[in-house]
Amino acid sequence: MKRVGVLGLQGAYAKHAAVLQRLDIQSIDVRSRNDLDKCEGLIIPGGESTTMTKLIEENDLYDAIIQFAEENPIFGTCAGMILMATHVEDDRVKTLNLIDITVDRNAYGRQVDSFVNELDVRTDGESFTMRCVFIRAPRIAELGDGVEVLASIDDEPVLVRQGHHLAAAFHPELTSETRIHSYFLTLKREMSIA
Ligand code: GLN
């Protein structure tokens, strides 16, 4: 059976693997093209987007992830969201251009280092309230036309989707929450894991 990959180069990847395990989904830490070939979806975790940029390049994964993303869903949280953006106001980050957003790194972090908020989340089938943990969180400064907003904080989007890709400014892997990950698993109808 194919699996969901979690980019395992740096950051909070083990926490995502633990959520997938709670959902009975097999996961593997992705550190090479070969690992990626075994997956039907990929999670890019939180961490440090400048460091992750270097490690993605060093491990020859930049083009591989972009190619993988054509057919397979990708879910980025925090630093992962920064990497999925089309624009980031920091030259040290080389983005993957998967979701049409402009992101300001550490925007919330400059105000408060981290915080927890109860947010209303709207996905296709349901809407629910959940606790969201923000840690030096990036802010979505601009949003392209094709981007759907699934949750906001003070009118600023913090959970967005474009096609089969999903990105969150917060960390759903750090609470007991599994609904965002479950939603991600539905994003590609033909995925056998859905
Ligand atoms: N602000 C960090 C960055 O630029 C991301 C923080 C996080 O992933 N918790 O990469």
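Residue numbers (the working numbering): 2 to 195. Positions of the beta carbon are idealized from the N, C-alpha and C atoms, including for glycine.
The alpha carbon of Asp36 has as its nearest neighbour, out of Ile66, Leu21 and Lys16, the alpha carbon of Ile66. Judged by DSSP in its simplified three-state form, Phe69 adopts helix.
Within the stretch 5-41, the alpha helix (DSSP H) runs of at least 4 residues that lie entirely inside it are, in chain order, 14-23 and 34-38. Burial state of Asn98 is exposed, judged by a 10 Å Cβ sphere holding fewer than 16 other Cβ atoms.
With fewer than three CB-CB distances shorter than 8 angstroms, the stretch 90-109 does not count as touching the stretch 178-189. Taking 4 residues as the shortest admissible run, the stretch 98-146 contains the following complete alpha helix (DSSP H) segments, listed from N- to C-terminal end: 108-112.
Shown here for Gly147: same chain residues with a beta carbon closer than 7 angstroms to its own, the five before and five after excluded, namely Asp101 and Gln163 in chain order.
Separation of Lys55 and Pro139 (C-alpha to C-alpha, rounded to the nearest whole angstrom) is 19 angstroms. Excluding its 5 nearest sequence neighbours in each direction, Ile57 has C-beta neighbours in its own chain below 6 angstroms: Tyr63, listed in chain order. About 6 angstroms separates the CB atoms of Leu160 and Val122; that is less than 8 angstroms, so the two are in contact. Contact check for Gly48 against Gly12 passes: the beta carbons are separated by less than 8 angstroms. Excluding its 5 nearest sequence neighbours in each direction, Arg93 has C-beta neighbours in its own chain below 6 angstroms: Thr51, listed in chain order. From the listed residues Glu71, Val20, Gly126 and Arg34, the smallest Cα separation to Leu175 is found for Val20.
For Leu24, the CB contacts under 8 angstroms within the same chain, skipping 5 residues up- and downstream, are Thr179, His182, Ser183 and Leu186 in chain order. Taking a 10 Å sphere around the C-beta of Glu59, we find fewer than 16 other C-beta atoms and assign the residue as exposed.
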